[in-house]
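K.L.:
Under the numbering used here, think of the first position of the sequence shown as 14, with each following residue one higher. Yeah, the Cβ is synthetic: ideal placement off N, Cα and C, and Gly gets one too. Quick one: this structure, given as structure tokens, is what I'll be asking you about.
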Amino acid sequence: MSEETKVLLVDDDVDFINMMQYWLKSRKFNVDVLYSGEHVIEWVKTNNYHIIFLDLKLPGADGIEILRQIRSFSKMPVIIFSAYGTKESLHQATQLGISGFFAKEKGFEEAARLIYTALRIHKGLSTEEKRG
Numbered sequence: 014m015s016e017e018t019k020v021l022l023v024d025d026d027v028d029f030i031n032m033m034q035y036w037l038k039s040r041k042f043n044v045d046v047l048y049s050g051e052h053v054i055e056w057v058k059t060n061n062y063h064i065i066f067l068d069l070k071l072p073g074a075d076g077i078e079i080l081r082q083i084r085s086f087s088k089m090p091v092i093i094f095s096a097y098g099t100k101e102s103l104h105q106a107t108q109l110g111i112s113g114f115f116a117k118e119k120g121f122e123e124a125a126r127l128i129y130t131a132l133r134i135h136k137g138l139s140t141e142e143k144r145g
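Structural data, given as structure tokens:
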């Protein structure tokens with residue numbers, strides 16, 4: 014992956030998300046950060062992100078509702094994470110087609126693995142859609 018891979022991180026945990034942003038940038042990802050859910054849809058529509066990390070519990074918005082809105086216009090990979098996610102919210106997110114769940118305690122190597130996997134799968138699906 015290189016700087017052309019654009020990642021959007023959406024989480025209100027400022028310390029965690031700043032560390033994750035630093036780590037991903039050190040691996041040559043192009044990273045934007047939002048600390049609330051207020052402008053996510055606007056940013057997703059106006060930027061060409063390849064993948065989104067989305068917290069389920071955000072000030073000003075519900076992560077499931079944001080995911081639902083994203084799915085109304087895009088199939089881009091979305092990885093969710095939350096320190097307070099419930100089984101019900103994880104089930105709803107899965108039904109909306111998430112690319113994975115990132116447990117913060119797993120570390121950033123796991124985040125990178127999820128990015129690579131989701132982008133590889135998404136690229137394969139996009140290729141199939143073009144052929145079909």
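What three-state label does DSSP hand PHE86 in the structure shown?
P.N.:
coil
K.L.:
What would DSSP say about PHE42, mapped onto helix, strand or coil?
P.N.:
In the structure shown, PHE42 adopts coil according to DSSP, grouped into three states.
K.L.:
Using only the alpha-carbon positions, how far apart do ARG81 and TYR35 sit?
P.N.:
28 Å
K.L.:
Note down, in chain order, each residue of its chain lying with its Cβ closer than 8 Å to the Cβ of VAL57, except the 5 sequence neighbours on either side.
P.N.:
LEU21, ILE65, ILE83, SER87 and MET89
K.L.:
Run through the DSSP bridge pairs and tell me what ILE92 is partnered with.
P.N.:
PHE66 and GLY113
K.L.:
Evaluate SER95 with the Cβ neighbour count: other Cβ atoms within 10 Å of its Cβ, from every protein chain shown; 16 or more gives buried, anything less gives exposed.
P.N.:
buried
K.L.:
May I ask which residues mark the beginning and end of the beta strand (DSSP E) holding LYS19?
P.N.:
19–23
K.L.:
Would you report the Cα separation of MET32 and GLY137, rounded to the nearest angstrom?
P.N.:
30 Å
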